[in-house]
Amino acid sequence: MPPEVHLARADVILKDCAINLDHLQTVSKTRIGELITTVGPDKMEQVQAAFLFTLGFDF
33 MPPEVHLARA DVILKDCAIN LDHLQTVSKT RIGELITTVG PDKMEQVQAA
83 FLFTLGFDF
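Numbers given in my numbering equal positions in the sequence shown, counted from 1, plus 32.
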């Protein structure tokens, strides 16, 4: 499983992109800007699976 979840315009984003969970890093909440988009439950399940895969949890 790749550690990326692809988003397309159908996911209500301005251009095709990916959520990359391969390089996790914590940041202060004050460094986070405005909300870009939200994802639906199906896409969020893909994000969760990629996140768990990145952390080494196989299921």
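Note that the Cβ used here is the ideal one computed from N, Cα and C, for glycine as well.
Exercise. Determine which residues share a DSSP beta bridge with His55 and list them.
Key: Answer is none; His55 lacks a bridge partner.
Self-check item: Beta-carbon proximity list for Leu53, same chain, < 6 angstroms, skipping 5 on both sides
Solution: Spatial neighbours of Leu53 in its own chain (CB-CB distance under 6 angstroms, excluding positions within 5 residues in sequence) are listed in chain order as Pro35, Ala82, Phe83 and Thr86.
Practice problem: Assign Leu84 to one of three DSSP states: helix, strand, or coil. | Solution: Leu84: helix per DSSP, three-state reduction.
Quiz prompt | Beta bridge counterpart(s) of Leu39 as assigned by DSSP | solution = Looking at the DSSP assignment, Leu39 forms a beta bridge with Cys49.
Quiz item: Do you know offhand how far Phe89's Cα is from Val37's?
Solution: Across the structure, Phe89 and Val37 are spaced so that their CA atoms are roughly 17 angstroms apart.
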